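Worksheet: the structure to be examined is printed underneath.
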Amino acid sequence: MRKLKYRAENSPQAWFFLLPALIIIGVFSVFPLIRTFIMAFQKGTLNSLEFNGFKNFEVVLSDPKFHTAIGNTSLYAFVVVPVGLIISMFIAVTIYEKIKRKDVFETIFFIPYLTSIIAVGIVFRFLLNGEYGFVNYILGLFNVGPFNFLDDPSMSMITLIIFGIWSGLAFNIIILLSGLRNIDDSYYKVADMFGATKRQQFFRITLPQMIPIITFLLMVNFINAFKVYAQVFSIFNGKAGIADSATTAVFYIFNKFYVENRYGQGMAAAVILFILILLFTLIQNRILKRISK
């Protein structure tokens with residue numbers, strides 16, 4: 001008699017244990033996503049919605065504010081993610097190779113990740129204040145500035161990018177450190193025997209071994225960057241900068257839905273953003289797979 005192989009998906013007990021998690025995912029993730037797609041094709045109030053076809057998408061796609069929001073979001077993502085990852089890698093390698101009390105520094109760098117982004121934004125508002133901010137004070141020592149980081153429309157995206165890079169360092173550093181610990185020390189011992197420099201060891205041993213971790217961080221960070229909202233809200237005191245100069249895609253959706261009460265248009269913008277993130281993630285994933293081969 002042929003013996004059947006065990007498969008977890010065919011086990012009733014497995015589905016029983018997964019049921020609570022599946023219910024939570026369905027209620028708080030799948031259902032809202034389906035509801036978003038439905039509302040994107042409707043108009044009216046939440047209590048009396050009616051079919052509106054593709055008009056919501058036409059309005060959103062022709063709205064200059066949405067173009068600005070997508071442009072700002074793209075600028076934020078393509079600057080913050082790579083720059084933040086490079087800085088995080090430099091800090092992680094420095095801690096791993098040159099710092100003796102690694103646990104202490106890991107805790108110090110991880111604290112910002114545990115802190116509320118709103119609280120951190122309030123602190124940054126004081127640091128970047130144009131009149132009495134600490135950043136302008138330091139720049140003044142080198143005869144640079146002062147810069148009006150918070151109230152100058154031309155500086156809004158620069159301010160947001162600075163804040164975004166800093167707020168993402170903690171998570172990146174901890175993940176990179178965990179990856180560095182998993183690299184076999186024998187690689188470096190052999191490299192030392194053949195006289196390889198630290199620079200050569202980094203590019204030929206450390207970096208190739210860290211590709212899976214870097215790939216993961218790039219995907220997660222890019223997705224989070226395209227969904228940036230809390231950083232904008234906190235650094236600009238609940239606004240999208242002066243004259244909405246730092247409006248992002250999610251901030252645009254928030255304003256459409258909660259401020260203007262144009263629910264269908266807000267959900268249409270959310271669907272467009274979802275599709276853009278999905279397409280970019282798929283393209284990025286394919287490129288990174290080719291690079292890692």
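Residue numbers (the UniProt record's numbering): 1 to 293.
Quick reminder that beta carbons are idealized off the backbone N, C-alpha and C, glycines included.
Since this is a predicted model, take the numbers as computed values, not measurements.
- Going by beta carbons, L177 and Y96 fall inside the 9 Å limit.
- In this structure, T247 is the residue among F78, T247 and D184 with its C-alpha nearest to the C-alpha of P153.
- Boundaries of the alpha helix (DSSP H) around K65: P64 to K98.
- Annotation for F16: the continuous alpha helix (DSSP H) segment containing it runs P12 to I25.
- Fully enclosed beta strand (DSSP E) runs of no fewer than 3 residues are not present anywhere in the segment 123-196.
- Secondary structure note for T45: its beta strand (DSSP E) is the uninterrupted segment Q42 to T45.
- Counted as a single uninterrupted DSSP element, the alpha helix (DSSP H) harbouring S234 occupies residues A230 to I235.
- With a contact defined as Cβ atoms closer than 8 Å, V93 and L218 miss out at about 17 Å.
- Taking C-beta atoms as the reference points, F41 and S156 fail to come closer than 9 Å.
- In terms of CA proximity to F105, A170 leads the group L128, L85, K189 and A170.
- The beta carbon of G241 sits closer than 7 Å to the beta carbons of P153 and S156 from its chain, once the five residues preceding and following it are set aside; these are given in chain order.
- Between the segment 254-270 and the segment 51-64 there are three or more C-beta pairs closer than 8 Å, enough to call the two in contact.
- Secondary structure note for E50: its beta strand (DSSP E) is the uninterrupted segment S48 to F51.
- Beta-carbon to beta-carbon, G133 and F126 are separated by about 7 Å, close enough to satisfy the 8 Å threshold.
- In the DSSP assignment, N56 falls within the unbroken alpha helix (DSSP H) covering K55 to L61.
- Close CB contacts of G145 within its chain, under the 7 Å cut and outside five residues either way in sequence, are with N136 and L139 (chain order).
- Taking a C-beta distance under 9 Å as the contact criterion, G121 and F90 do not qualify as a contact pair.
- Within the model, the alpha-carbon separation for K43 versus F254 is close to 16 Å.
- No residue range can be given for K256, since it is assigned to no alpha helix (DSSP H) and is classified by DSSP as neither H nor E.
- Going by DSSP, R199 is part of the alpha helix (DSSP H) stretching over K198 to Q201.
- 9 Å or more divides the Cβ of V271 from the Cβ of T73.
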